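A.B. asks: Sharing a structure, written as structure tokens. Questions coming.
In the UniProt record's numbering, the protein residues as written are 1 to 1081.
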């Protein structure tokens, strides 16, 4: 064999290398025979020369062309030896392309790849993350058992890599190693356990894929990571979201109790029933229902809901199946709109979505009924799409919409698509059986179709009419007669058989027609189809028993024909019938029961949907689509009767909220200060551990201190006006006692910091502390200048951010005078000295400029007509919540508009059950025409989902809901322009939402812009050195996520509005609200 032929074999490149021959096609007979392939070889020769040249640019160009060939599906395996030589190249771009090639062909060219394994191992230590990942990818593509230990070591090292991209690649390599050597399962599980704890969204999806592949039954690995996976879900890449959602669906079915018991008494087909009779049913079921949804169950549902807006259809489908299998039945309907939206996609997507909707619509008609028009068939739809839409329309049919659906069906029957027209007739039959009011109408319509020119339509109509007549045959003997007249013109075997069955079954109602039909059948018996012959034998037997005088000879003749038929089924049936109906000595016993056997009343057939039993499979799976269990399908387990211990999902995290709580107590002035400083001492001990986040901590905590100061002031003001006079009175009693202590506490940081700052700053702390005490004692004017000074002193905050250690040197303390001639010096020293303190997981660091926007918006909570005299209005005071920092403060004004006293006004049940509400104390009596203002705290969890609860009196309870605007879920934050830009750079890409808006001329002034933005969102104004830039900063109340709003004014009244935050859903909603506020005149 010539060397030219040797190269032409796809798998023989390594053989050529072993021979050491750099050959070209020869002119021998063998070479000529393979001339065509030799030409291909010549094409690749220039690539080899380029790869072996000394110029990096030529090598790079060659690799680009080779990767281009691979992308077009061309075979480039013969270039493997030339490519693999460049794996050690120092050029990063070239190296990346070489690894792309090696990943593709390493499995085919294992021997050659093994020769370079030391190079791959060295590349695992490369400083470039892409090279490390590519090397691991190539290593895991070499499917040779001998390198399993090397792969395992590489995977373990990559799992600890600093780059999330490399860790993601290690998760992919786990699956490859497991398929190569399943004995490594235990070691791989250890790596999976480690990667599951990873906080990177890049890794989450890949490691869950590895988990599902290697150890899907080890749900104990998920316990500690459940909440983290739920919270990361929104930011994971789309295909990772699909895998995580499916895994969490299976997990939830093993860990939570069924939420469906709660809805057991509601009508499944009527969504409104749940809401209409809410208050009444809750009274009756209070004793029966003990179900309370697990907070983790609610967390999963809440965090997957935003993904219904995903652009990826698989993600939307995954969330839909999760809600279907896990959500309370009254909440499932939120997926409807998203599923209907998917019907605008490609026909392949439509097919899968419609299959799932068909299954859902059987159990829950009310979900899809409002979108019925979306399921109308279009002329461009393919047959399988049409059939599925028809199935769904039939499932949705009820007394209210049946007339519309039947009108639609009339059009479908005329379709040129015969299979679809036949399916429509079956659908009409199903509607007729399911809705008794239209049975007669459907029957009449089907009888009219018997005169149709299309034979398939007539045949299908006959079959359906036969099934419908079984439900009430007494009233329809004329239809049977009409069908007998059409018998000669019908040629479809199934239709002929159906008419013969009807004749036999109801032969007593058409005594003259049935024998004549049998006579016609005797003539053509030998040329009929088998199914028709069987029904002819049955008809003969039934007529023999009911009308033997006329049909005895005909019956014998047909039985003799059947006795010698070619089909053994017909021969057997004929012999059986003869023994049954013709009396003889052997069959005398059986003959007595012939009439009871053949003419027994038969139950009417139930016309059911083809999708009725598909709900046994998980929605969205291949098994559901094919209606058979496929390999790899994991069944959803039944809900546990008793929920497993929920504490297994608890992660040990220090909750700083507990340190904050005492500041709300009655002796607030003294206790809160003690906690404040002790908390700081704890933080200083751990300062070295958190050094990497000093910058961000310092900026947030400085503003947090100012926030706590303003909170104390605002709390004192609100307490004076609140209905709970006891609290404010006890506070005023304790204030004189604590004044000296308060001044002492606030003096310490300035004193201890005196070695860096001058004596002026030291004395100013004492002055400012006494001023804050006097402010709390009497409501005078100093708070206004105090706020101004805070704004001016912001630049100083950064300078002293790392001098917290001085707080421990409390021995050099010397008391300061209590008088405060200069309150304006208060904030610089205090804020700078207390820099870095973080009292809670929410950095609510705020200087709120309350006068900068208009009057607060008040919303109606309960109308006096609905509340039987009790009316309620609410507004958001935009003050930090007294009860818990993660709650939004809400003030409710209760008014008694009736002529009698209302007693025991309180908050009752809440929905969802996991909703955290700090309720107001029970109001024992509210006199007629009297009003009272009460405060509440609600944890909305950074969501605009309404908080539903019951407002109760002694006699009644009323369902009410508080719907927050997205801007009310924020707390203002103060930061310098440099900090703003620094934080903004961290929140780019998917964390940035922007839009160009056109503003009116009246809205372009700085004051107006601030007013409009602050009227929409509770944010702080950040300083800006440029006139055309306006910046605002805030943090979400619940999670403390940073929200940065910037407005850049451009020419001709246009402006670029940008929002940077991790909360992408909140960003898009806030963007819409701000656009509306800034563009209106």
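Think of the CB as a built atom: it goes at the ideal place given N, C-alpha and C, for glycine as much as any other residue. Since the model is a prediction, treat every value here as computed from it, not as a measurement.
Count the other C-beta atoms from every protein chain shown that fall within 10 angstroms of the C-beta of residue 399, then say buried if there are 16 or more, exposed otherwise.
C.D. replies: Classification of residue 399: exposed, given that the 10 Å Cβ count is below 16.
A.B. asks: Less than 7 Å between the C-beta atoms of residue 369 and residue 425, yes or no?
C.D. replies: Not in contact: residue 369 and residue 425 (Cβ atoms no closer than 7 Å).
A.B. asks: Can you round the beta-carbon distance between residue 90 and residue 130 to whole angstroms, since I take them to be within the 8 Å contact cut?
C.D. replies: With a Cβ gap of about 15 Å, residue 90 and residue 130 do not count as contacting.
A.B. asks: Does the segment 222-231 come close enough to the segment 180-190 that 3 or more CB-CB pairs lie under 8 Å?
C.D. replies: Cβ pair count under 8 Å is below three, so no.
A.B. asks: Check the DSSP bridge columns for residue 577 and list the partner residues they point to.
C.D. replies: Residue 577 pairs with nothing; no bridge assigned.
A.B. asks: Shortest alpha-carbon distance to residue 508 belongs to which of 595, 174, 1037?
C.D. replies: When only C-alpha atoms are compared, the closest one is 595.
A.B. asks: Below 8 Å CB to CB, which residues in the same chain sit around residue 382 once its five sequence neighbours on both sides are set aside?
C.D. replies: Only 347 meet the Cβ criterion.
A.B. asks: Go ahead and pull the three-state DSSP assignment for residue 743.
C.D. replies: With a pLDDT of 40 at residue 743, under the threshold of 50, the modelled position of that residue is not reliable, and the figure given next carries that caveat. Three-state DSSP puts residue 743 in a helix.
A.B. asks: If residue 209 sits next to residue 175, beta carbons under 8 Å apart, how far is it from one beta carbon to the other, in whole angstroms?
C.D. replies: Contact holds; Cβ gap of about 7 Å.
A.B. asks: State the beta-bridge partners of residue 452 as determined by DSSP.
C.D. replies: Paired residues: none, contrary to the question.
A.B. asks: Using the Cα positions of residue 500 and residue 309, report the straight-line distance between them to the nearest angstrom.
C.D. replies: Cα to Cα, the separation comes out at about 56 Å.
A.B. asks: Taking the alpha-carbon of residue 312 as reference, which of 293, 297, 325, 344 has the nearest alpha-carbon?
C.D. replies: Out of 293, 297, 325, 344, 344 has the C-alpha closest to the C-alpha of residue 312.
A.B. asks: Contact between the segment 480-497 and the segment 526-538 is defined here as three or more beta-carbon pairs at a separation below 8 Å; is this criterion met?
C.D. replies: Touching, per the Cβ criterion.
A.B. asks: Between residue 695 and the rest of its own chain, which residues show a CB-CB distance below 7 Å, the 5 nearest in sequence each way excluded?
C.D. replies: Interpretation of residue 695 is limited by its pLDDT of 44, a score under 50 that renders its predicted location unreliable; no figure is taken from the coordinates.
A.B. asks: If I follow the unbroken beta strand (DSSP E) through residue 859, where does it start and stop?
C.D. replies: Segment 859-862, the beta strand (DSSP E) holding residue 859.
A.B. asks: Under 7 Å between the Cβ atoms of residue 972 and residue 1020?
C.D. replies: Yes, the pair counts as a contact, with Cβ atoms nearer than the cut-off.
A.B. asks: Classify residue 390: buried if its beta carbon has 16 or more other beta carbons within 10 angstroms, exposed otherwise.
C.D. replies: Buried.
A.B. asks: Could you tell me the boundaries of the beta strand (DSSP E) in which residue 910 lies?
C.D. replies: Residues 902-911.
A.B. asks: How many Å lie between residue 946 and residue 960 at the Cα?
C.D. replies: Looking at the two C-alpha atoms, the distance is approximately 10 Å.
A.B. asks: When the Cα atoms are used, what is the spatial distance from residue 342 to residue 335?
C.D. replies: C-alpha separation (whole angstroms): 11 Å.
A.B. asks: If you scan the segment 76-163 from start to end, which runs of the alpha helix (DSSP H) of 4 or more residues do you find wholly inside it?
C.D. replies: Those alpha helix (DSSP H) runs which fall completely within the segment 76-163 and span 4+ residues are 80-84, 92-105, 110-115, 117-123, 129-141, 148-159.
A.B. asks: Compute the minimum distance between the beta carbon of residue 245 and the heavy atoms of the ligand MN, and state whether it is under 6 Å.
C.D. replies: Inclusion of the ligand MN in the displayed structure is not the case, the ligand content being empty and no account of it being possible.
A.B. asks: Would you grab the beta carbon distance between residue 962 and residue 931 for me? Rounded to a whole angstrom, and I think it's under 8 Å.
C.D. replies: Not a contact, Cβ separation roughly 18 Å.
A.B. asks: Specify, as a first and last residue, the run of the beta strand (DSSP E) that residue 330 falls within.
C.D. replies: That residue, residue 330, is in no beta strand (DSSP E); it is neither H nor E in DSSP.
A.B. asks: Reducing DSSP to helix, strand and coil, say where residue 175 ends up.
C.D. replies: Note: residue 175 maps to helix in three-state DSSP.
A.B. asks: Report yes or no: do three or more beta-carbon pairs, one from the segment 139-153 and one from the segment 114-128, lie closer than 8 Å?
C.D. replies: Yes, since at least three Cβ pairs between the segment 139-153 and the segment 114-128 fall closer than 8 Å, the two stretches touch.
A.B. asks: Is the segment 287-306 touching the segment 1038-1049, taking contact as three or more C-beta pairs under 8 Å?
C.D. replies: Segments in contact, no.
A.B. asks: Under 8 Å, with one C-beta from each stretch per pair, do the segment 227-244 and the segment 197-204 reach the 3-pair mark?
C.D. replies: Touching, yes.
A.B. asks: Taking only three categories from DSSP, how would you classify residue 736?
C.D. replies: Reliability fails at residue 736, whose pLDDT of 40 lies under 50, so the model's placement of it is uncertain and no value is given.
A.B. asks: In terms of residue numbering, what span does the beta strand (DSSP E) encompassing residue 346 cover?
C.D. replies: Careful: residue 346 lies outside any beta strand (DSSP E) and carries neither H nor E.
A.B. asks: For a test of the three-state rule: what should DSSP assign to residue 623, helix, strand or coil?
C.D. replies: Helix at residue 623.
A.B. asks: Verify whether the separation of the beta carbon atoms of residue 133 and residue 165 is less than 7 Å.
C.D. replies: Contact flag set, yes.
A.B. asks: Could you have a look at residue 1020 and say whether DSSP puts it in helix, strand or coil?
C.D. replies: Three-state result, residue 1020: strand.
A.B. asks: Comparing alpha-carbon positions, which option in 862, 911, 890, 340 lies nearest residue 896?
C.D. replies: The shortest Cα separation from residue 896 among 862, 911, 890, 340 belongs to 862.
A.B. asks: To the nearest angstrom, how far is the alpha carbon of residue 361 from that of residue 66?
C.D. replies: Cα to Cα, the separation comes out at about 52 Å.
A.B. asks: Identify whether residue 261 lies in helix, strand or coil by the three-state DSSP scheme.
C.D. replies: Residue state, collapsed to three classes: helix.
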